[in-house]
Structures are given as structure tokens and as C-alpha cells.
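To start, the structure under review is shown below, and the notes come after it.
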Amino acid sequence: MPKTPHRAAALSGTADDVEAAFYESLQRGDVEALMACWSDEDEVFCVHPGGPRLVGPVAIRAAFDQMFGNGAIHATPAHVRKVESLASAVHNVLERIEVLTPDGPRHAYVLATNVYHKTAEGWRMVAHHASPGSAREPEDASEVPQTLH
């Protein structure tokens, strides 16, 4: 896939700034702003709740275009845990999603992992992986699990 040179160059700052721009673009249904958060690298990937692994900016854009066809995604980061280094950042985000039901708006919760790399154009998202949603806010487990997988 040919890379789009500097399409994301308008973003600057930290991985936190890119993450804020990502969630703002979801809430506006703005695919251009959303894709500006992503790296142009061919190996970037995205997994939506219950969906397949999407590899590359073209596949990721197509999926978000389809999703935005139903309107904006009202996802808000409710809680973030971070592991950061000089050139990478991993954010585990508890997303609160507003969904419309026959009884009116309700909230669902999704756990997402967002990975950012510092590139020549600044910080960019290289991975987004979201779990299936739940109606209740999940709690952090502080005990060691008996089974890993």
C-alpha cells in the first residue's frame, strides 16, 4: 500500500494527546481525524469487539467508515492504565460507550488496549484491540489468577 505522506503531521504532543484526539474523532464520527491518529505503517492493526484482526490503514479506515455510517461512536475513556517508555506507550483503557436501547440511552463498558509509537511525525497509534462489551463496569483483579488462559 502506498503511504500517505504526512497526513498525520498535524498532530503533535504526547501519546496522551493522540489518544484524546482518537476518542474525540470517534465521538464526532470523523474518519479523517481518526486516521490522522494512526501510523502510516502497513503492519498497524485493529480488533473491534468480536471482530477480525484488521491489518493496515486501508482495512482500518474501511471498518471505521462502515461504523460511522451508523453515526458517531460515543466512547469515552473512563479509566486509563499506562506503561510508557521513550518511544512507545501502551494504554489499557476502560471505555464507557453510550448505546441507544428501546428504553433510552444506556452505558456499556469495553476494555481496550491502545499502543502508540513515537515516529518521525510524532506519536501515532499502531494498535487498538477492544474486548466485547458488558453492561456492568468491570473491576480490576488484584489477585493472581489460577489459570492464565
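Going from the sequence shown to my numbering is simple: count from 1 and add 2. Glycine is no exception: its CB is placed at the ideal position from the N, C-alpha and C atoms.
Cβ-Cβ separation between H131 and T121: approximately 20 Å, too far for a contact (criterion under 8 Å). Inclusion of A80 and L28 in the CB contact set at 8 Å is not warranted, their separation being larger than that value.
The beta carbon of T16 sits closer than 7 Å to the beta carbons of W125 from its chain, once the five residues preceding and following it are set aside; these are given in chain order. For R63 and G135, the gap between their C-alpha atoms comes out near 22 Å. Bridge pairing for E97: P79, V112 [DSSP]. Collapsing the DSSP output to three states places R138 in coil. Under DSSP, F47 forms a beta bridge with V57, A129.
A check of alpha carbon separations from Y25 across V46, I99, E86 identifies I99 as the nearest. Per DSSP, reduced to three states, the secondary structure at S90 is strand. In the DSSP annotation of this structure, the continuous segment of the alpha helix (DSSP H) that includes E26 starts and ends at 17-30.
In this chain, E123 is not harboured by any alpha helix (DSSP H), its DSSP state being neither H nor E.
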